[in-house]
Ligand SMILES: [Cu+2]
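Numbering (my numbering), first residue to last: 29 to 290.
What follows is the structure, encoded as structure tokens:
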């Protein structure tokens, strides 16, 4: 084995062991993970964050190792005079095949590993947990309407105090449709987004794990005021949420009574 062969063997060995290390580290870190009080439901947002970090680590490790090897060879085997003619080492048949297949196998193994994780996560993301709280969503030009059932209907104009409220610790499923054009509901903090279309029902689910307030946006260009199609989402402690829901119900009942009299 000459120097060139030794160097290649060394760099591929390094990539393989680093990739294996990253894989076992991510296995140890667990995947998805349940949230406190959620009845062991996996949190898709934690899974997406986890996968995102994994992809970043993988491409960094592979990029750095191959970059350093390429840089070394670029300097080591550079032309020393303008008329110099390079001559590569002659590889035997088996070595030539190995040099082509080993790096390919390393990349493929890494790709399959990430794909398998992505597929697992996709299945979590598409399967709504049975105890989810259902909220019906209608997209309008240019606001959202959230229907909790029992007459509680929140018309969420941008910047108003009427916005999406959900309890902490329980999966929430949004069943969505639009009454005019195609919109797309996005909850950036919860890492979910789905198109909303007239004549069709789509859904997303997510799991609020802590009390906090975030933004809800429309991520499909839906007309002049598309950029104004936003509202807030507040994840509240369950008792506080129930109190809010009860007050909304009371208000809705009062309104209906007035309408019936009139
Ligand atoms: Cu929209």
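Every residue, glycine too, gets a C-beta built ideally from N, C-alpha and C.
All of these numbers come straight from a predicted model, not from anything done at the bench.
In this structure the stretch 177-185 does not lie against the stretch 133-148, because fewer than three pairs of beta carbons, one per stretch, are closer than 8 Å.
Counting along the chain, no alpha helix (DSSP H) covers residue 214; the unbroken beta strand (DSSP E) around it starts and ends at 211-215. Within the same chain, and ignoring the five residues on either side of residue 262 in sequence, the residues whose Cβ sits closer than 6 Å to its Cβ are 193 and 241.
Here residue 197 really is in contact with residue 266; their C-beta atoms are around 7 Å apart, less than 8 Å. Sixteen is the threshold: since fewer than 16 other Cβ atoms of the shown chains lie within 10 Å of the Cβ of residue 105, the residue is exposed. No Cβ-Cβ contact shorter than 8 Å links residue 214 with residue 237. Note that the C-beta distance between residue 107 and residue 116 is not below 8 Å. Remark: C-beta atoms of residue 165 and residue 203 approach each other more closely than 8 Å.
Taking 7 Å as the cut-off, one finds at least one heavy atom of ligand 1 near enough to the beta carbon of residue 170.
Within its own chain, the residues whose Cβ lies closer than 8 Å to the Cβ of residue 272, once the five positions on either side in sequence are excluded, are 193 and 264, listed in chain order.
With fewer than 16 other Cβ atoms inside 10 Å of its own Cβ, residue 111 counts as exposed. Rounded to the nearest angstrom, the Cβ distance from residue 211 to residue 250 is 5 Å, consistent with a contact under 8 Å.
By the 16-neighbour rule on beta-carbons within 10 angstroms, residue 244 is buried. The secondary-structure analysis by DSSP pairs residue 173 across a beta bridge with 166 and 183.
Counting along the chain, no alpha helix (DSSP H) covers residue 191, and no H or E run does either. At least one heavy atom of ligand 1 falls within 7 Å of the beta-carbon of residue 248.
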